[in-house]
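Report on the following structure.
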Amino acid sequence: MTVRADRRAAEGSGTVTDPARLRNVALVGPSGSGKTTLVEALLAHTGTIPRQGSVGDGTTVCDHDPAAVRQHRSVTLAVAPVRHGDLKINLIDTPGYGDFVGELRAGLRAADAALFVVPATAGSDGVVDPATVTLWEECAAVGLPRAVVVARCDQARADVEATQLACQDAFGAGVAALYLPAPMVDSAGSVSGPEGLYGLLTQGPGEAPAGAEEARATLLEGIIEQSEDESLMERYLAGEALDVDALIDDLETAVARGSFHPVVPVCSATGSGIDALLELLAGGFPSPLEHPLPTVSLIDGGPHPALTADPDGPLAAEVVRTSADPYVGRVSVVRVFSGTLRADTAVHISGHVPAPRASSEDAGHDGHDVDDRLSHLYTPLGATLQETELCVAGDICALTKLTGAETGDTVSAADHPLLLRAWDVPEPLLPIAVVPQERGEEDQLARTLAKLVAADPGLCLERSAETHQTVLWTTGEAHADVVLSRLREAGAHVETEDVRVPMRVTLASAARVTGRHVKQSGGHGQYAVCHVEFEPLPRGSGFEFRSAVVGGSVPTQYVPSVEKGIRTQLERGLTVDGAAHPVIDVRATLVDGKAHSVDSSDAAFQTAGALALREAAEVCGVVPLERIDEVAVRILDEHLGTVLGDLSARRGRVLGTEPTDTPGRTVVRAEVPAAELLRYQIDLRAMTSGTATFTREFARYGEV
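Using the numbering used here, the letters of the sequence shown map in sequence onto residues 643 to 1346.
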């Protein structure tokens, strides 16, 4: 089948083949804001599902396990397409809990615009959720088009107008109400039904509700400010009636550009505002053709021309979610950025990841390149899969049985493999150590962990060679609870234990000692004696070895053997409080020794060197050293005093503060013992209402 015939067949089956007819919209908001209910209302209103809360077989939109719906609605990414005219709108329902920022970022990566869902009760509280404001600022930083839905308008304490004003205060410039709620009034002037919407641009239907004149003036001024028609402002100030259609065109252009953000009240229960929202999504939000695409390279890092959303271009898609279905196995939800995915074709899976966590040399996901073959393509509707013929640039589909694919991987043509630049996911900073309940279950645990890490971009796995612990780095307490729950659901019987932070030791003073390894009982024996001067060095100096041997008392060929033996013992460590810890910041000077013409050997002098270090520890004593990390805490200015006091209580040393590019925010830099940071992710979120973030990296080792 030719490409053109292939397209005609796909159009006949309802598959979208023109990227201009696609919209990808991520719904963003806190848990309980009404995102999922809004998605279900849109699906029901457009006839995608027969009733709200169902996809036709009793399965919820967001999860295939009805018993876990309420939990997973806020912790997993779900995709649901709706039809509006000749457009297909992929609604991407993102997690509401801040801990699941990995899946949230994946949803934003797959989207070309974001719809922020704010509950109407925010107005009665007088404040928009601070974490939502932070996400708004992040989207603003990358120029992602945004609009606001005021949801749950039928709830007790709902105040739509106050919430619209709160959104304007919280989100800043360019935010303006597009509609106001208005009661339905009959011809006699009596209230005849539930609230509808009064359009501030069209000035209808019905009588203007209270506050409409002021709200309309704010809206018009915002649109005029964004318009490219410089005469609009003069005409408006002169009192001239402006063409509504022209204003709508300017509004939609500004929304798509990401510089204007209309607010629409929606009541999912009554359907009020649904049509208005669909018109905004269709007319205001950009198609994939208008949205910048991720940077792409060859898999070896070589340059590649920039991508466009061209169905005939090179294939470049990205796995934005990985899950396991009990019937079809692994399911990979994929956003296609360029080219066209077709069933029964060979593909290449590329997964190259950033450097491992600063706390471990063995953490995170491994880079990989594998070839695979697609069998079937599906349109995802929550956990329900509907088979489709193809998926063009700009669309989202689901692939099954790609065993080599992980979340964040690039899917490209087998004969032209590519690599998309990975999206930014905050480093998971809350560790939990897991152990199998019974011996012999280590392999089962390892297999289950590998599946979880492949699916979850916010999860890192560390196997510490020093503490012999398996540590899962998570993004918060709720994330840790869900990870443990998924482990147990998968049949892994695990328990948790306290995370141990690796330590180091150094010598407390200088001393000259003797390492003596002599075994001569007939036949070929072992003979090596070395006199070594040890001294501690300043922090961060590492290990130095010198030879000051004169007269050949230690033959030249055995001097490196002494050094190797000392280095081996340094890595093996010295025992403090029942545990061995590596030794750092020491200088060893070989000053003298003895050798035997027959019994001396490389192995003997290695052993003598190791014994010399152990003897020095006995003579000098050792100083325990703990890991010190440098943290950068990004906070609202109002939390500065609280955070500084908390860092001091954690034995931290503040290095300084500096303003950020965002007004009202400050970065605090400090050195803090790593042992004091094990629960810092939880505590920081609690003391700043979820508005603060931090990063950490190894700084040095310091005395406990």
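From the three backbone atoms N, C-alpha and C, an ideal C-beta is built for every residue, glycine too.
Taking the C-alpha atoms as reference points, what is the distance between V1346 and H990? 50 Å
Tell me the DSSP secondary structure of A647 in three-state form. Confidence is the limiting factor: at A647 the pLDDT is only 37, short of 50, which leaves the residue's position unreliable, though a coordinate-based value still follows. Of the three classes helix, strand and coil, the one that applies to A647 here is helix, per DSSP.
Going by DSSP in three states, I585 sits in which element: helix, strand or coil? The question about residue 585 has no answer here: the residues shown for the chain are numbered 643 through 1346.
Count the other C-beta atoms from every protein chain shown that fall within 10 angstroms of the C-beta of V775, then say buried if there are 16 or more, exposed otherwise. buried
Are the segment 1169-1181 and the segment 1197-1212 in contact at 8 Å, needing three or more beta carbon pairs? yes
Where does the unbroken beta strand (DSSP E) through Q1028 begin, and where does it stop? 1026-1030
As an exercise, report each continuous beta strand (DSSP E) stretch of at least 3 residues that is fully enclosed by the segment 1155-1236, in chain order. 1168-1178, 1185-1189, 1216-1218, 1221-1223, 1228-1236
Sorted by chain position, which residues of the same chain lie with C-beta nearer than 7 Å to E1183's C-beta, five sequence neighbours on each side aside? In the sequence on display, residue 1183 carries Ser and not Glu. The residues are D1227.
Can you tell me whether DSSP reads K730 as helix, strand or coil? strand
Are the CB atoms of V976 and A1040 nearer to each other than 9 Å? yes
Rounded to a whole number of angstroms, what is the C-alpha to C-alpha distance between V1314 and P1144? 15 Å
With 16 other Cβ atoms within 10 Å as the buried cut-off, status of R1327: buried
Taking three-plus beta-carbon pairs below 8 Å as touching, is the segment 920-932 in contact with the segment 840-855? no
Local conformation of D1013 per DSSP, three classes: strand
What does DSSP give as the partner residues of F1340 in its beta bridges? D1271
CA-to-CA distance, P953 to L983, given in whole angstroms: 9 Å
Sequence-distant residues of its chain with Cβ nearer than 6 Å to A773 (five each side left out): G740, G1332
How would you label K677, buried or exposed, when you count the other beta carbons within 10 angstroms and need 16 or more for buried? buried
Are the segment 1018-1032 and the segment 1074-1094 touching by the rule of at least three beta carbon pairs closer than 8 Å? no
Out of curiosity, what's the CA-to-CA distance linking A1317 and L777? 30 Å
Between A1150 and I1208, is the Cβ-Cβ spacing less than 9 Å? no
Is L1126 helix, strand or coil by DSSP? helix
By Cβ distance below 8 Å, which residues in the same chain neighbour R1015 in space, the five residues on each side in sequence not counted? D986, T987, A988, V989
Extent of the continuous beta strand (DSSP E) run through R1146: 1145-1149
If the criterion is Cβ atoms closer than 9 Å, does the pair V792 and A755 meet it? no
For W1065, the residue or residues it bridges with in DSSP: Paired residue(s): none; W1065 is not in a bridge.
Have a look at V703 and L719 and give me their C-alpha separation to the nearest angstrom. Note that V703 scores a pLDDT of 40, beneath 50, so its modelled location is shaky and nothing firm can be said.
Do the CB positions of Y1200 and A1237 come within less than 9 Å of each other? yes
Please report the straight-line C-alpha distance between A808 and R858, rounded to a whole angstrom. 17 Å
I need the straight-line Cα distance from E682 to P661, nearest angstrom please. 24 Å
Does the Cβ of T1090 have 16 or more other Cβ atoms within 10 Å, making it buried, or fewer, making it exposed? buried
Measuring CB to CB, does P1073 end up less than 9 Å from V1141? yes
Within 10 angstroms of the Cβ of F1340, are there 16 or more other Cβ atoms? Answer buried if so, exposed if not. exposed
Return the residue from the list G853, D767, P904, P1224 that minimises the CA-CA distance to V817. P904
So the alpha helix (DSSP H) A1250 belongs to, where does it begin and stop? 1244-1262
Check this for me: beta carbons of P1078 and H1135, under 9 Å apart or not? yes
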